[in-house]
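Below is one structure; the comments refer to it alone.
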Ligand code: ADP
Ligand code: G6P
């Protein structure tokens with residue numbers, strides 16, 4: 166068989182909304198794990214990327230070896246499909262319902278119609294027997310729709326966010342259709358084994374399917390499932406963190422923050438799953454109790470704006486900004502805030518400098534499919550210094566097991582862990598960091614894509630296009 170071509174379908178193209186103010190196009194990655202990961206791989210592998218360009222209409226040329234196929238969304242579709250069903254129903258439900266999911270019947274029709282439009286776009290650009298790799302919860306109906314349009318295709322689906330246990334999934338009014346949608350794929354990939362187990366349980370319960378953790382029988386077809394933990398471009402981040410301008414910028418940051426201070430850093434999309442409020446409460450109590458003092462410790466909280474048209478995200482931003490203001494008002498001193506709060510996007514070099522400048526990286530989501538920020542921090546610490554405080558509920562915790570693992574719901578535990586990390590012995594930190602760096606060196610983004618694509622086509626030929 167001739168070599169299969171590759172089509173990736175994701176809600177977003179890897180460009181943020183303002184990427185082309187003068188009509189010129191540039192690869193500018195939008196914040197978020199999914200686009201970052203795929204952007205890295207596809208820059209080096211000829212493929213077509215079907216996705217939404219962020220605005221209302223098509224406008225994008227091709228970029229490098231990647232052909233972009235924009236899908237236009239009307240304002241109503243953005244509301245019903247993206248802000249509504251994807252980000253107000255599925256997103257909170259799949260993240261352990263840490264925020265109450267909203268079920269609005271009219272969103273479903275839009276979600277289905279937009280999935281159908283993406284399926285048609287993918288069917289149109291995919292060559293005969295192409296492999297089509299569908300990404301994430303926005304497009305959960307697409308695999309089945311695409312199979313109906315193009316039975317010749319090899320179809321993969323990867324869920325970047327957690328996939329919940331039956332107790333939660335069963336709440337969904339359109340649960341059977343959603344399951345059938347995913348099971349249109351030949352291979353359904355998750356971040357963690359538990360998710361594959363959840364899917365098998367649901368297929369048995371809701372569809373009466375014969376299902377084991379790695380194989381689900383749907384009519385005459387067998388759908389394979391498995392865990393493929395996503396990662397980062399480790400060598401890119403390592404190299405960036407040692408670039409002279411980044412080293413100089415990190416030094417400047419340390420100087421500006423106060424040379425002798427211990428620096429805690431958090432970098433998140435401003436999302437209620439990231440546990441920012443719990444973290445701020447813990448930090449406020451540490452200040453209140455005198456366990457940390459503004460004169461020798463500072464927290465830098467980067468919180469890039471996200472999904473701001475969704476009410477729960479706007480409310481969250483108001484609450485966080487109010488709390489940061491309260492903490493600084495109460496504990497800050499002139500020229501010495503307790504928390505530096507930065508609600509802005511940064512480029513990769515600026516992020517690398519922040520990672521380099523920190524003593525303790527605090528990554529405490531209430532639930533997270535993976536969390537690439539934790540991996541980026543580890544990759545940026547070539548000298549083996551620095552502490553990572555990591556939530557047990559981030560997918561990354563399964564791999565970065567020598568981090569300071571913490572349950573972010575347990576405020577006392579969180580406070581104690583922050584203090585342990587701040588006061589840890591440098592030799593202990595180096596041993597922990599060394600183990601995490603060794604793991605990442607073997608498990609970078611290319612290894613992820615290679616493992617998934619090899620499992621998808623069995624032959625390894627799809628993966629051959631990726632750099633070694
Ligand atoms: P999620 O995908 O839920 O946003 P991840 O931690 O997996 O969470 O991925 C976030 C990605 O977004 C990381 O690659 C990180 O570097 C990037 N990012 C986070 N904050 C910013 C920011 N302020 N500016 C630019 N990129 C950011
Ligand atoms: C998570 C999701 C991605 C999404 C990203 C940013 O990583 O898994 O699918 O792209 O968040 O969110 P946004 O809504 O801005 O695309």
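Numbering (our numbering), first residue to last: 166 to 633.
In this text, a Cβ means the ideal position worked out from N, Cα and C, and glycines have one as well.
Bear in mind that the values here come from a model prediction, so they are computed numbers and not experimental data.
So is residue i buried or exposed if we call it buried at 16+ other beta carbons inside 10 Å?
{"i": "residue 458", "result": "exposed"}
{"i": "residue 420", "result": "exposed"}
{"i": "residue 172", "result": "buried"}
{"i": "residue 317", "result": "exposed"}
{"i": "residue 521", "result": "buried"}
{"i": "residue 186", "result": "Unreliable placement is indicated for residue 186, whose pLDDT of 49 sits below 50; the coordinate value is still reported in the next sentence. Exposed, because fewer than 16 other Cβ atoms sit within 10 Å of the Cβ of residue 186."}
{"i": "residue 548", "result": "exposed"}
{"i": "residue 222", "result": "Since pLDDT at residue 222 reaches only 49, below the 50 mark, its modelled position is unreliable, and the value read off the structure follows with that caveat. The residue is exposed, with fewer than 16 neighbouring Cβ atoms inside 10 Å."}
{"i": "residue 475", "result": "buried"}
{"i": "residue 386", "result": "exposed"}
{"i": "residue 615", "result": "buried"}
{"i": "residue 499", "result": "exposed"}
{"i": "residue 329", "result": "buried"}
{"i": "residue 233", "result": "buried"}
{"i": "residue 282", "result": "buried"}
{"i": "residue 346", "result": "buried"}
{"i": "residue 564", "result": "buried"}
{"i": "residue 624", "result": "exposed"}
{"i": "residue 200", "result": "buried"}
{"i": "residue 341", "result": "exposed"}
{"i": "residue 566", "result": "exposed"}
{"i": "residue 402", "result": "buried"}
{"i": "residue 573", "result": "buried"}
{"i": "residue 315", "result": "buried"}
{"i": "residue 309", "result": "buried"}
{"i": "residue 556", "result": "buried"}
Which residue from the options puts its Cα closest to that of residue i?
{"i": "residue 501", "options": "471, 576, 424 and 601", "result": "424"}
{"i": "residue 351", "options": "274, 388, 520 and 543", "result": "388"}
{"i": "residue 393", "options": "561, 578 and 545", "result": "561"}
{"i": "residue 510", "options": "471, 537, 535 and 569", "result": "471"}
{"i": "residue 213", "options": "201, 292 and 244", "result": "292"}
{"i": "residue 294", "options": "272, 319 and 363", "result": "319"}
{"i": "residue 603", "options": "546, 200, 581 and 296", "result": "546"}
{"i": "residue 416", "options": "515, 285 and 240", "result": "515"}
{"i": "residue 400", "options": "611, 330 and 555", "result": "611"}
{"i": "residue 463", "options": "422, 443, 469 and 481", "result": "422"}
{"i": "residue 508", "options": "497, 496, 524 and 479", "result": "479"}
{"i": "residue 235", "options": "477, 207, 268 and 174", "result": "174"}
{"i": "residue 140", "options": "587, 571, 435 and 369", "result": "Any answer about residue 140 is impossible in this case: the structure gives the chain only from 166 up to 633."}
{"i": "residue 492", "options": "341, 335, 452 and 623", "result": "452"}
{"i": "residue 528", "options": "512, 489, 570 and 601", "result": "570"}
{"i": "residue 241", "options": "273, 445 and 428", "result": "273"}
{"i": "residue 250", "options": "339, 203 and 361", "result": "339"}
{"i": "residue 580", "options": "519, 455 and 354", "result": "455"}
{"i": "residue 490", "options": "518, 524 and 446", "result": "446"}
{"i": "residue 290", "options": "231, 276, 323 and 362", "result": "231"}
{"i": "residue 525", "options": "432, 381, 468 and 259", "result": "432"}
{"i": "residue 396", "options": "630, 204, 596 and 589", "result": "204"}
{"i": "residue 353", "options": "390, 505, 367 and 337", "result": "390"}
{"i": "residue 260", "options": "505, 302, 380 and 384", "result": "302"}
{"i": "residue 627", "options": "207, 583, 313 and 349", "result": "207"}
{"i": "residue 180", "options": "202, 210, 218 and 444", "result": "218"}
{"i": "residue 326", "options": "613, 534, 605 and 551", "result": "534"}
Taking only beta-carbon positions, decide if residue i is within less than 8 Å of chain B.
{"i": "residue 308", "result": "No chain B appears in the structure shown, which is made up of a single protein chain."}
Based on the DSSP output, what are the partners of residue i in its beta bridges?
{"i": "residue 355", "result": "392"}
{"i": "residue 506", "result": "466"}
{"i": "residue 343", "result": "Residue 343 pairs with nothing; no bridge assigned."}
{"i": "residue 216", "result": "235"}
{"i": "residue 380", "result": "377 and 389"}
{"i": "residue 638", "result": "One cannot answer for residue 638 here, as it falls past the ends of the chain, which runs 166 to 633."}
{"i": "residue 528", "result": "555"}
{"i": "residue 498", "result": "501"}
{"i": "residue 171", "result": "296"}
{"i": "residue 177", "result": "217"}
{"i": "residue 533", "result": "559"}
May I ask you to check if the CB of residue i is nearer than 7 Å to at least one heavy atom of the ligand FMN?
{"i": "residue 526", "result": "As for the ligand FMN, it is missing from this structure, which binds only the ligand ADP and the ligand G6P."}
Please go through the segment 303 to 340 and give each complete beta strand (DSSP E) segment of 3 or more residues, from N-terminal end onward. Unbroken beta strand (DSSP E) runs of no fewer than 3 residues, entirely contained in the segment 303 to 340, are found at 319 to 323, following chain order.
Sequence ranges, alpha helix (DSSP H) only - wholly within the segment 550 to 591, length at least 4: With a minimum length of 4 residues, the continuous alpha helix (DSSP H) runs that stay inside the segment 550 to 591 are 576 to 588.
Alpha helix (DSSP H) segments (min. 4 residues) lying fully within the segment 417 to 492: Segments of the alpha helix (DSSP H) lying fully in the segment 417 to 492: 441 to 453.
Restricting to runs no shorter than 4 residues, where is the alpha helix (DSSP H) found entirely within the segment 250 to 296? 256 to 259 and 270 to 290
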